[in-house]
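Protein chains: 2
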Amino acid sequence: MIIDIHGHYTTAPPQLQAFRDAQLARLADPALPVPRLAPISDDAVRESVENHQLKVLRERGGDLMVFSPKASGMEHHVTDRATASAWAEAGNDLVHRAASLFPEYFAAVCQLPQTANSPLDDVIAELRRCVEQLGFVGANLNPDPSGGHWTSPPLTDPYWFPLYEVLAELDVPAMVHVSTSCNPAFHTLGAHYLNADTSVFMQLAQDGGALFDRFPGLRFVLPHGGGAVPYHWGRYRGLAMRMGLPDPTVRLTDNVFFDTCVYHQPGVDLLTKVVPTGNVLFASEMLGAVRGVDPDTGVAWDDTKQYVDGAGLSQQQLQQVYEGNARRVYPRLDAKLTAEGR
Amino acid sequence: MIIDIHGHYTTAPPQLQAFRDAQLARLADPALPVPRLAPISDDAVRESVENHQLKVLRERGGDLMVFSPKASGMEHHVTDRATASAWAEAGNDLVHRAASLFPEYFAAVCQLPQTANSPLDDVIAELRRCVEQLGFVGANLNPDPSGGHWTSPPLTDPYWFPLYEVLAELDVPAMVHVSTSCNPAFHTLGAHYLNADTSVFMQLAQDGGALFDRFPGLRFVLPHGGGAVPYHWGRYRGLAMRMGLPDPTVRLTDNVFFDTCVYHQPGVDLLTKVVPTGNVLFASEMLGAVRGVDPDTGVAWDDTKQYVDGAGLSQQQLQQVYEGNARRVYPRLDAKLTAEGR
Chain A
1280 MIIDIHGHYT
1290 TAPPQLQAFR
1300 DAQLARLADP
1310 ALPVPRLAPI
1320 SDDAVRESVE
1330 NHQLKVLRER
1340 GGDLMVFSPK
1350 ASGMEHHVTD
1360 RATASAWAEA
1370 GNDLVHRAAS
1380 LFPEYFAAVC
1390 QLPQTANSPL
1400 DDVIAELRRC
1410 VEQLGFVGAN
1420 LNPDPSGGHW
1430 TSPPLTDPYW
1440 FPLYEVLAEL
1450 DVPAMVHVST
1460 SCNPAFHTLG
1470 AHYLNADTSV
1480 FMQLAQDGGA
1490 LFDRFPGLRF
1500 VLPHGGGAVP
1510 YHWGRYRGLA
1520 MRMGLPDPTV
1530 RLTDNVFFDT
1540 CVYHQPGVDL
1550 LTKVVPTGNV
1560 LFASEMLGAV
1570 RGVDPDTGVA
1580 WDDTKQYVDG
1590 AGLSQQQLQQ
1600 VYEGNARRVY
1610 PRLDAKLTAE
1620 GR
Chain B
1280 MIIDIHGHYT
1290 TAPPQLQAFR
1300 DAQLARLADP
1310 ALPVPRLAPI
1320 SDDAVRESVE
1330 NHQLKVLRER
1340 GGDLMVFSPK
1350 ASGMEHHVTD
1360 RATASAWAEA
1370 GNDLVHRAAS
1380 LFPEYFAAVC
1390 QLPQTANSPL
1400 DDVIAELRRC
1410 VEQLGFVGAN
1420 LNPDPSGGHW
1430 TSPPLTDPYW
1440 FPLYEVLAEL
1450 DVPAMVHVST
1460 SCNPAFHTLG
1470 AHYLNADTSV
1480 FMQLAQDGGA
1490 LFDRFPGLRF
1500 VLPHGGGAVP
1510 YHWGRYRGLA
1520 MRMGLPDPTV
1530 RLTDNVFFDT
1540 CVYHQPGVDL
1550 LTKVVPTGNV
1560 LFASEMLGAV
1570 RGVDPDTGVA
1580 WDDTKQYVDG
1590 AGLSQQQLQQ
1600 VYEGNARRVY
1610 PRLDAKLTAE
1620 GR
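The listed protein sequences correspond, in order, to chains A and B. Numbering (our numbering) for the first sequence: 1280 to 1621. Numbering (our numbering) for the second sequence: 1280 to 1621.
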């Protein structure tokens, strides 16, 4: 089967954004009433995905999408913790409803109610709620909740350890995914996302694997093909050697994975050539940052299955990239599929 | 001939760092005397490059290196403008001495005395001094003088226009190159450098070419193979199309260039495959970030000539990458070489 591990609910019914707008309005004017999410019918949830993610997934031959709230909408830069919690809950609940309406097509991943440098107890509580009560199979972790100002410590800092303990206990991976950039130097989709992937890989490389000595079961997925990393694979190997650190392209293989959200054939060719096949997970982030069709090839930019199919992998490698790796990195997804006889 | 457009004076005699240390000490304690650079003999300058950059350049078959002060040492995050000016002058003067002692092997590029969000008159004065009086052929421009906090406006902002007027008037390109990161989230060599290249390309893409409508003669060189950009070539094309902007991979070709500082064969293969050959300039940044030899291949990480030679380019394309493009992008270098009958 073909599992797309990177999809966002970019097409949520408008009540969700109206709720967000009301949250932000109340932060500006605390005299306003506490906002509530207006009712959304099952039909509205169905319709919001049926003609979008689900339609495209089926058309392209995919079987299941790992589905989470819209990444740029997480907006962790809004510093009020109660607002962050209510917003994450609303988004996660809606993802849960979509996944429950189409259980054969979606597995849910949660947004965490992060705010920069706050204690992580709200974050952990929401993670537990989503995984233990709602059956989510992973989480999105933002290494820069400030939104482009990068005021948080590296992901190897003990600040993050309480969260890692719970991720390891629950045996769910975290996709390292930033949200909207509030810094005009960084375009959200064309710079901030890629910079985050690059920066976090180097944080982990600098750490020499110590984080994963402490948390052997912790697993990070780097989206967008790992930012600049595979293109600079030699740079990372050479830097580590010069710094007397283990080769990160070897040391991190049990814990760090790359998705295939790279939107042209030569990019996916490079990714699948340099990154070990066991560390590449199929993904499209479709109906995400880049929509439309490449006029030169007639292929939709985010139809990454075409690039993966064209990358010259063996059948065994394709099975790993399309299914095997995802089931290994997301064991709760594997358990769900196994229980369904898939 | 083979021109390496990206070399730094990473091996300067120790008097230079002693001067810098004294500058920083005086900023901490203004009662200290105004520091002066201790005398450095011509022999010391000769020796500092003869057995390093020059030796390696010759061994690898290179003919000329475009040479500038050490990038991580620019330290534009030190906010005192007088200190920045004295530091840039000292570094540029020393580069000038090395270039004057080996005029057949070096062409000089200057460090600018930037500090975040200051007026640019010191920067422009030093640029003019270096180009008009010392014969420099280009400048290094730091898009983030804060050193990893990214407090400056994008390079498309009118803040930078006074500098661009002078770059265009003098007909010298700017290599977009950050310096040391003071942000623990960004490793200088493994994240900050690449993020800067990526971010600036997107700043220019977002601008849709308006900057180059205003300054048609302005030319930027993106180092380190353009960060994440060629690997995500499709992403940039698709994003621009979605945003109703011109395709940046076409629109920016007269003004934006990529060097070949990518330290493995698959990376250089990708670069030369997706970026038009007229926009790729040979460079190694050797004796820079990544030193030593890849144990898997026996090739020095930064011996990028091996990768370029192995990328399957035609003789005509190799001539462009090794020489022709550099002479076009750096017309003052071309004039110097032409005057020498080269």
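Positions of the beta carbon are idealized from the N, C-alpha and C atoms, including for glycine.
- At a cut-off of 8 Å between beta-carbon atoms, residue 1334 of chain A makes no contact with chain B.
- Contact of residue 1514 of chain A with chain B is assigned, a C-beta pair being separated by under 8 Å.
- Judged by DSSP in its simplified three-state form, residue 1597 of chain B adopts helix.
- DSSP places residue 1367 of chain B inside the alpha helix (DSSP H), whose first and last residues are 1360-1380.
- Secondary structure note for residue 1474 of chain A: its alpha helix (DSSP H) is the uninterrupted segment 1472-1485.
- In this model, residue 1535 of chain A and residue 1506 of chain A are separated by some 13 Å (Cα to Cα).
- Judged by pairs of C-beta atoms under 8 Å, the segment 1515-1523 of chain B does not touch the segment 1549-1557 of chain A, as fewer than three such pairs exist.
- Here residue 1288 of chain A is bridged, per DSSP, to A/1348.
- Taking the Cβ atoms as the reference, residue 1281 of chain A lies roughly 5 Å from residue 1341 of chain A, within the contact range of under 8 Å.
- The beta carbon of residue 1606 of chain A lies closer than 6 Å to those of 1613 in the same chain, with the five residues before and after it left out.
- Taking 8 Å as the cut-off, the beta carbon of residue 1484 of chain A is found no closer than this to the beta carbon of residue 1477 of chain B.
- By the Cβ-count criterion, residue 1604 of chain A is buried, with 16 or more other Cβ atoms from all chains shown falling within 10 Å of its own Cβ.
- As the crow flies, the alpha-carbon of residue 1582 of chain B is around 12 Å from that of residue 1337 of chain B.
- Residues of the segment 1513-1541 of chain A with a C-beta less than 8 Å from any C-beta of chain B: 1513, 1514, 1515, 1516, 1517, 1518, 1520, 1521, 1541, listed in chain order.
- Segment contact: the segment 1435-1454 of chain B against the segment 1498-1512 of chain B, three or more CB-CB distances shorter than 8 Å; contact assigned.
- Less than 8 Å separates the beta-carbon of residue 1431 of chain A from that of residue 1464 of chain B.
- In terms of Cα proximity to residue 1574 of chain B, the closest of B/1291, B/1343, B/1543 is B/1543.
- Residue burial is scored here from C-beta neighbours: residue 1300 of chain B has fewer than 16 other C-beta atoms within 10 angstroms and is therefore classed as exposed.
- With respect to the C-alpha of residue 1355 of chain B, the residue from B/1289, B/1510, B/1390 having the closest C-alpha is B/1390.
- Ranked by Cα distance from residue 1378 of chain A, the options A/1348, A/1597, A/1590, A/1580 are led by A/1348.
- Residue pairing of residue 1395 of chain A in beta bridges, as defined by DSSP: absent, with no partner found.
- Residue-level contact check: residue 1437 of chain A does not touch chain B, since none of the beta carbons of chain B fall below 8 Å from its beta carbon.
- Annotation: residue 1481 of chain B to residue 1466 of chain A spans about 7 Å, alpha carbon to alpha carbon.
- When beta bridges are read from the DSSP output, residue 1319 of chain A appears opposite no residue.
- Residue 1326 of chain B and residue 1458 of chain B have their C-alpha atoms spaced approximately 26 Å apart.
- In this structure, residue 1442 of chain B sits near residue 1403 of chain B, with a CB-CB distance shorter than 8 Å.
- Under DSSP, the beta-bridge partners assigned to residue 1282 of chain B are B/1343.
- Under the 8 Å criterion on CB atoms, residue 1552 of chain B is classed as interfacial with respect to chain A.
- Residue 1503 of chain A is positioned such that its CB atom lies closer than 8 Å to that of residue 1540 of chain A.
- With fewer than 16 other CB atoms across the displayed protein chains lying within 10 angstroms of its CB, residue 1396 of chain A is exposed.
- For residue 1390 of chain B, no alpha helix (DSSP H) encloses it; the enclosing beta strand (DSSP E) starts and ends at 1385-1390.
- Residue pairing by DSSP places residue 1547 of chain B in no beta bridge whatsoever.
- As DSSP reads the structure, residue 1560 of chain B sits in a beta bridge with B/1538.
- When B/1387, B/1345, B/1405 are compared, the shortest CA-CA separation from residue 1364 of chain B is found for B/1405.
- Counting other Cβ atoms within 10 Å of its Cβ, residue 1407 of chain B stays below 16 and is therefore classed as exposed.
- A Cβ-Cβ separation of about 15 Å leaves residue 1468 of chain B out of contact with residue 1562 of chain B under the 8 Å criterion.
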